[in-house]
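Asker: Questions regarding the structure given below will be posed in turn.
Number of protein chains: 2
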Amino acid sequence: MKDVAARAGVGLKTVSRVVNGEAGVSSDTERRVREAITALGFRRNDSARVLRKGTTASIGLVVEDLADPFYSPLSRAVEEVARAHGALLINGSSAEDPERERELALALCARRVDGLVIVPASDDHRYLAPEIAAGVATVFLDRPPGRIEADMVLSDSFEGARSGVAHLIAHGHRRIGFIGDRPGIHTAKERLRGYRAAMAEAGLPVSESWVALGPTGSDRVRTDAARMLDGSGGAAPVTAVFSGNNRVTVTLVRVLAEPEWRGRPVALVGFDDFELADLLSPPVTVIAQDPADLGRSAAELLFRRLDGAEEPPRTLSRPTKLVARGSGEIPPPD
Amino acid sequence: MKDVAARAGVGLKTVSRVVNGEAGVSSDTERRVREAITALGFRRNDSARVLRKGTTASIGLVVEDLADPFYSPLSRAVEEVARAHGALLINGSSAEDPERERELALALCARRVDGLVIVPASDDHRYLAPEIAAGVATVFLDRPPGRIEADMVLSDSFEGARSGVAHLIAHGHRRIGFIGDRPGIHTAKERLRGYRAAMAEAGLPVSESWVALGPTGSDRVRTDAARMLDGSGGAAPVTAVFSGNNRVTVTLVRVLAEPEWRGRPVALVGFDDFELADLLSPPVTVIAQDPADLGRSAAELLFRRLDGAEEPPRTLSRPTKLVARGSGEIPPPD
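From first to last, the protein sequence lines are chains A and B. So in our numbering, spot 228 of the first sequence is number 228, and the numbers just go up one at a time. So in our numbering, spot 210 of the second sequence is number 1210, and the numbers just go up one at a time.
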């Protein structure tokens, strides 16, 4: 800390204020201190910090959307690992807004969390570099960090989507649609890449009107599904759809249950499992991620860092699993 | 603050440390300061506080279980109101553990949230009185606070359950089971009271083997359901079941879909709506709460307090709505 203070040309108390997120430091001074911290690779001693803080240890989790059921078991798994380490979990949601993510992650740092697990909305995480250098352990989950090196835990989205589309092809489909999340999202891109790979491997052409990325709200998904299903996009109608995530799948289940499509059943495979998928008619075939396993893996990686593991950033890739239940095994009309 | 310092026999700096949750104060001194704060009804000035803190305003939300889908839209609604007020939302989960709730609520106060929305697990919230007196606005949601007076927003659990059971009676049922959450939980007690009221109003006797409160894990619910359905509890088998919340309902949907009960359909009404309830066979009749409305109402009440509303604690009771979809309209065998 003395070296940081000397390099930044400030007193020890000022360094302490910046590190602990206390007020009373001008933004210019704060920047100088943070630059000095980064330059010197200063790390706080974690045990000393908990003792000095005198409050319970805590970790922060930033997810994309609190209302998405994918994040419920994931959050709970992170919380269970935190609890096993005597720490509290504090959550926040970025609402898929990069600025909101930044604000929330820095607010959690200012409130002195010991570590962060982030499902990123942003593609530039340089704003976190000073915090990480100052000892806030950080693990990225579900999507990689942007422009910094850090630990991450990802599902194998590419391979999951590839195997789901190959499953539809194995059941006789040649015209398959893909409806996914916004094109800026890493998992959406990877799953689309998996779809294209499976189609290419089978020598099947892809009409661009069969591919739709965008927000996961039901209106957008309905419009894109209708276009692929009735052939109004210019290409022949699809006989099967691969859905890029559980929000899209739930809307597609509703669309396909409408009287219009009952006479001509359309096959469906969705990325992500969801509650009651097995009790629908037909039961929904999915590429299941294990959100609890993802949360647990990320939290365990985080506590390894907090316990002092000094190793280069790691990437854990978690496999997905095809769960065949009925909707993905419907054959094409003839 | 001077008066608090004088009364507690400490310096101004010590009062400031206690109020801001900083370390370096013995627990004995902290208690004396908090007692003085309570005695004097000391309130921090919120604007001054935000300025002094130099960080974004934030509110905390403590729920029972992050993995329960009831809390997803509720959390999101609280977050949206917070955002409209320029504040961040920080969440935590008590896992239905009173000690955990206390630890989390106090940790959020120590991390200087401006207000708290709490779905309580505890039945004694006196631990929060000094925080409330020190200006942390607090609203209880879904269940009332214990042993303190505070704002609260509750669904009308009694009336909702009464109307759901009356609906089953109107469809000809005389032997109706009730499977609910743990008996210590306010909403579980209120819903059971609604069940008993509807049965009494119709002059129907209740066998105690038709009533089961307990944890919402699927094993417990399955055991209790089997006893009521096959009559092994000593009383005649039930022809309908009223479920006390969405976790119980989802297990009951699975139980009733098993081959054993297909030949003798059992009517089901569940408290709480849930995603895809309308696409199951039969679609599930529910007493719907509006979790987004509950979250929004609580958050708006909180920001009224933060904006300086000085009025006695209020209780908002929100109505429920019967949504008839099919499972609750199945008649008894004869």
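In this text, a Cβ means the ideal position worked out from N, Cα and C, and glycines have one as well.
My guess is that residue 306 of chain A and residue 139 of chain A are in contact by the Cβ rule of under 8 Å, so how many angstroms apart are they, rounded?
Answerer: Against the first sequence, residue 306 of chain A aligns to sequence position 306. Against the first sequence, residue 139 of chain A aligns to sequence position 139. In fact, because the Cβ distance is near 10 Å, the residues do not count as touching under 8 Å.
Asker: Along the chain, where does the beta strand (DSSP E) that runs through residue 88 of chain A open and close?
Answerer: Taking the first sequence and counting its residues from 1, the one referred to as residue 88 of chain A is at position 88. Run containing residue 88 of chain A: 88-93, per the beta strand (DSSP E) assignment.
Asker: Give me the Cα-Cα distance between residue 76 of chain A and residue 68 of chain A, rounded to the nearest whole angstrom.
Answerer: Counting from one through the first sequence, the residue named residue 76 of chain A turns up at place 76. Counting from one through the first sequence, the residue named residue 68 of chain A turns up at place 68. Taking the straight line from one Cα to the other gives about 13 Å.
Asker: Touching or not, the segment 1089-1101 of chain B and the segment 1115-1124 of chain B, by the rule of three or more beta carbon pairs under 8 Å?
Answerer: Touching, per the Cβ criterion.
Asker: Below 7 Å CB to CB, which residues in the same chain sit around residue 1195 of chain B once its five sequence neighbours on both sides are set aside?
Answerer: By one-based count along the second sequence, residue 1195 of chain B stands at place 195. For residue 1195 of chain B, where only same-chain residues beyond five positions count, the Cβ hits under 7 Å are 1161, 1165, 1178 and 1242.
Asker: Going by DSSP, which residues form a beta bridge with residue 342 of chain A?
Answerer: An answer regarding residue 342 of chain A cannot be provided, because it is not within the stretch 1 to 334 covered by chain A.
Asker: Measure from the alpha carbon of residue 130 of chain A to the alpha carbon of each residue in A/197, A/36, A/142 and A/152, then state which is nearest.
Answerer: Taking the first residue of the first sequence as position 1, residue 130 of chain A is located at position 130. Among A/197, A/36, A/142 and A/152, the Cα nearest to that of residue 130 of chain A is on A/36.
Asker: Grouping DSSP H, G and I as helix and E and B as strand, with all else coil, what is residue 9 of chain A?
Answerer: In the first sequence, the residue the question calls residue 9 of chain A occupies position 9. Looking at residue 9 of chain A - three-state DSSP - the assignment turns out to be coil, as it is neither helix nor strand.
Asker: Using a 10 Å radius around the Cβ and a threshold of 16 neighbouring Cβ atoms, would you call residue 1216 of chain B buried or exposed?
Answerer: Your numbering for residue 1216 of chain B matches position 216 in the second sequence. Buried.
Asker: Of all the CB atoms in chain B, is at least one closer than 9 Å to the CB of residue 102 of chain A?
Answerer: Taking the first sequence and counting its residues from 1, the one referred to as residue 102 of chain A is at position 102. Output row for residue 102 of chain A: interface = no.
Asker: I need the DSSP call for residue 236 of chain A, collapsed to helix, strand or coil.
Answerer: Reading the first sequence from its first residue, position 236 is the one you call residue 236 of chain A. Reduced to three states, the DSSP call for residue 236 of chain A is coil.
Asker: Measuring alpha carbon to alpha carbon, tell me which of B/1294, B/1323 and B/1260 ends up nearest residue 1071 of chain B.
Answerer: As a working note, residue 1071 of chain B is residue 71 in the second sequence. Closest by alpha carbon: B/1294.
Asker: At what residues does the beta strand (DSSP E) containing residue 1287 of chain B begin and finish?
Answerer: What you label residue 1287 of chain B is simply residue 287 of the second sequence in a count that begins at 1. From DSSP, the beta strand (DSSP E) with residue 1287 of chain B extends over 1285-1288.
Asker: List, in chain order, every chain A residue whose beta-carbon is nearer than 9 Å to that of residue 1288 of chain B.
Answerer: Sequence index remark: in the second sequence, residue 1288 of chain B carries index 288 (1-based). None at all; the shortest Cβ gap to chain A is about 16 Å.
Asker: Residue 1058 of chain B touches chain A at which residues, Cβ-Cβ below 7 Å?
Answerer: Sequence index remark: in the second sequence, residue 1058 of chain B carries index 58 (1-based). The contacting residues are 107.
Asker: When you compare the segment 1283-1292 of chain B with the segment 253-271 of chain A, are there three or more beta-carbon pairs, one atom per stretch, that lie closer than 8 Å?
Answerer: Counting Cβ pairs under 8 Å, fewer than three are found: no touch.
Asker: Within a Cβ cutoff of 8 Å, which residues of the same chain sit near residue 172 of chain A, ignoring the five residues on either side of it in sequence?
Answerer: Here residue 172 of chain A is taken as the residue at index 172 of the first sequence, counted from 1. Taken in chain order, the residues that qualify are 331 and 332.
Asker: For a test of the three-state rule: what should DSSP assign to residue 318 of chain A, helix, strand or coil?
Answerer: Walking along the first sequence from the start, residue 318 of chain A turns up at place 318. In the structure shown, residue 318 of chain A sits in a strand (DSSP, three-state: E or B).
Asker: In terms of residues, what are the limits of the beta strand (DSSP E) holding residue 138 of chain A?
Answerer: Along the first sequence, one-based indexing puts residue 138 of chain A at 138. 137-141 is the span of the beta strand (DSSP E), which, as asked, contains residue 138 of chain A.
Asker: Go to residue 292 of chain A, then tell me how far its alpha helix (DSSP H) extends in each direction, as first and last residue.
Answerer: If you number the first sequence from 1, residue 292 of chain A lands on position 292. Its alpha helix (DSSP H) spans residues 291-306.
Asker: Could you check if residue 219 of chain A is buried or exposed, using at least 16 other CB atoms within 10 Å of its CB as the buried criterion?
Answerer: The count along the first sequence starts at 1 and reaches residue 219 of chain A at position 219. Residue 219 of chain A is exposed by the Cβ-count criterion.
Asker: With residue 81 of chain A as the anchor, note down where its alpha helix (DSSP H) starts and where it stops.
Answerer: Working through the first sequence from its first residue, we reach residue 81 of chain A at position 81. Looking at the DSSP string, the run of the alpha helix (DSSP H) that includes residue 81 of chain A is 71-84.
Asker: So with CB distances below 7 Å, who are the chain B contacts of residue 247 of chain A?
Answerer: On the first sequence, residue 247 of chain A is found 247 positions in, with the first residue counted as 1. Chain B residues near residue 247 of chain A: none, gap ~10 Å exceeds 7 Å.
Asker: Given a threshold of 16 other Cβ atoms within 10 Å of its Cβ, counted over all protein chains shown, does residue 1003 of chain B qualify as buried or as exposed?
Answerer: Position 3 of the second sequence, counted from the start, is the residue given in the question as residue 1003 of chain B. Under this definition residue 1003 of chain B is an exposed residue.
Asker: Could you tell me whether the segment 146-155 of chain A touches the segment 80-97 of chain A, using the rule of 3 or more Cβ pairs below 8 Å?
Answerer: No contact exists between the segment 146-155 of chain A and the segment 80-97 of chain A.
Asker: Given a threshold of 16 other Cβ atoms within 10 Å of its Cβ, counted over all protein chains shown, does residue 47 of chain A qualify as buried or as exposed?
Answerer: Position 47 of the first sequence, counted from the start, is the residue given in the question as residue 47 of chain A. Low confidence applies to residue 47 of chain A: its pLDDT is 36, below 50, so where it sits in the model is not reliable, and the reading given next is rough at best. Residue 47 of chain A comes out exposed.
Asker: Which residues in the same chain as residue 329 of chain A place their Cβ atom closer than 6 Å to its Cβ, once the five residues preceding and following it in sequence are excluded?
Answerer: One-based indexing of the first sequence puts residue 329 of chain A at position 329. Cβ within range, chain order: 171.
Asker: For residue 1249 of chain B, tell me which candidate among B/1334, B/1239 and B/1225 has the shortest Cα-Cα distance.
Answerer: Indexing the second sequence from 1 puts residue 1249 of chain B at position 249. Checked all of B/1334, B/1239 and B/1225; the closest Cα to residue 1249 of chain B is B/1225.
Asker: Taking just the CA atoms, how far does residue 188 of chain A sit from residue 291 of chain A?
Answerer: Taking the first residue of the first sequence as position 1, residue 291 of chain A is located at position 291. Taking the first residue of the first sequence as position 1, residue 188 of chain A is located at position 188. Straight-line Cα distance between these residues: approximately 17 Å.
Asker: Would you list the residues sitting across from residue 177 of chain A in a DSSP beta bridge?
Answerer: For the purposes of this step, residue 177 of chain A is identified with residue 177 of the first sequence, where counting begins at 1. DSSP, once it has assigned bridges, lists A/241 as partnering residue 177 of chain A.
Asker: To the nearest angstrom, how far is it from the Cα of residue 1117 of chain B to the Cα of residue 238 of chain A?
Answerer: To locate residue 1117 of chain B, count along the second sequence from 1; it is residue 117. To locate residue 238 of chain A, count along the first sequence from 1; it is residue 238. Roughly 48 Å separates the two Cα atoms.
Asker: Per DSSP, what kind of secondary structure is residue 267 of chain A in: helix, strand or coil?
Answerer: As a working mapping, residue 267 of chain A is identified with position 267 in the first sequence. Of the three classes helix, strand and coil, the one that applies to residue 267 of chain A here is strand, per DSSP.
Asker: Hey, out of A/326, A/244 and A/16, whose CA is closest to residue 185 of chain A's CA?
Answerer: Residue numbering aside, residue 185 of chain A sits at position 185 when the first sequence is read from its first letter. Among A/326, A/244 and A/16, the Cα nearest to that of residue 185 of chain A belongs to A/244.
Asker: Is residue 61 of chain A helix, strand or coil by DSSP?
Answerer: As a first step, residue 61 of chain A is located in the first sequence; it is residue number 61 there, counting from the start. In this structure, residue 61 of chain A counts as strand in the three-state DSSP scheme.
Asker: Tell me which same chain residues have a C-beta within less than 6 Å of the C-beta of residue 1206 of chain B, skipping the five on either side of it?
Answerer: Counted from its first residue, the second sequence places residue 1206 of chain B at position 206. The residues are 1199.
Asker: Beta-carbon of residue 1052 of chain B versus every beta-carbon of chain A: anything under 9 Å?
Answerer: As a working note, residue 1052 of chain B is residue 52 in the second sequence. Per-residue confidence for residue 1052 of chain B stands at a pLDDT of 38, beneath the threshold of 50, marking its modelled position as unreliable; the derived number appears in the next sentence. Chain A contact via Cβ: present.
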